[in-house]
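Trainee: Got a structure here, written out as structure tokens. Questions coming.
In the numbering used here, the protein residues as written are 153 to 314.
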């Protein structure tokens, strides 16, 4: 609901969840606290997706597919943007650490020849989340695994070595 309407009220969120708004307020003191909990859950899911993909030690192609599949699944589960929370230093620090981890992985993919060298700095890092976001929203009929197949194929053939 918040992905479709970021300004949704607690009353409408509670109605969508099938509970009374008082139930929501028993757990969260304010709408901001609810949003913080949602963003915390999404950020934790991102960190778990990175860890599960084993970006540092798994073979690059395997890690890439696993990471993409995990992120597509979490994009569908937590379809809210962290941008609103980046004003919070602790969230920004955690998000930046996750970005650095993926950037290092994409550099490894380039070093190992899976991605083409010579592209503009940060291009793969900018493109990958955009493609994952796009397929998460535009192709809901695809399972996360099928969607990951499309994203990885797009990335490797668009940025891959000739």
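All residues carry an ideal CB built from backbone N, CA and C; glycine is no exception. Computed from a predicted structure; not experimentally measured.
What does the alpha-carbon distance come out to for the pair residue 299 and residue 288?
Mentor: 8 Å
Trainee: How is the alpha helix (DSSP H) around residue 281 delimited, first residue to last?
Mentor: Counting along the chain, residue 281 sits inside the alpha helix (DSSP H) bounded by residues 275-290.
Trainee: Compute the Euclidean distance between the alpha carbons of residue 277 and residue 182, then round it to the nearest angstrom.
Mentor: It is roughly 35 Å from the alpha-carbon of residue 277 to the alpha-carbon of residue 182.
Trainee: Counting pairs of beta carbons, one from the region 190-208 and one from the region 253-262, are three or more of them closer than 8 Å?
Mentor: yes
Trainee: Starting from residue 209 and walking both ways along the alpha helix (DSSP H), at which residues does that stretch end?
Mentor: Note, residue 209: premise wrong, no alpha helix (DSSP H); not H, not E.
Trainee: On a CA-only basis, which of 249, 291, 159, 187 is nearest residue 228? Give me that one, please.
Mentor: 291
Trainee: Rounded to whole angstroms, what's the CA-CA distance from residue 220 to residue 301? Just pull it up for me.
Mentor: 9 Å
Trainee: Is the CB-CB distance between residue 179 and residue 163 below 7 Å?
Mentor: Going by C-beta atoms, residue 179 is not nearer than 7 Å to residue 163.
Trainee: Taking the alpha helix (DSSP H) that residue 293 falls in, what are its first and last residues?
Mentor: Unbroken run through residue 293: none, as it is neither H nor E.
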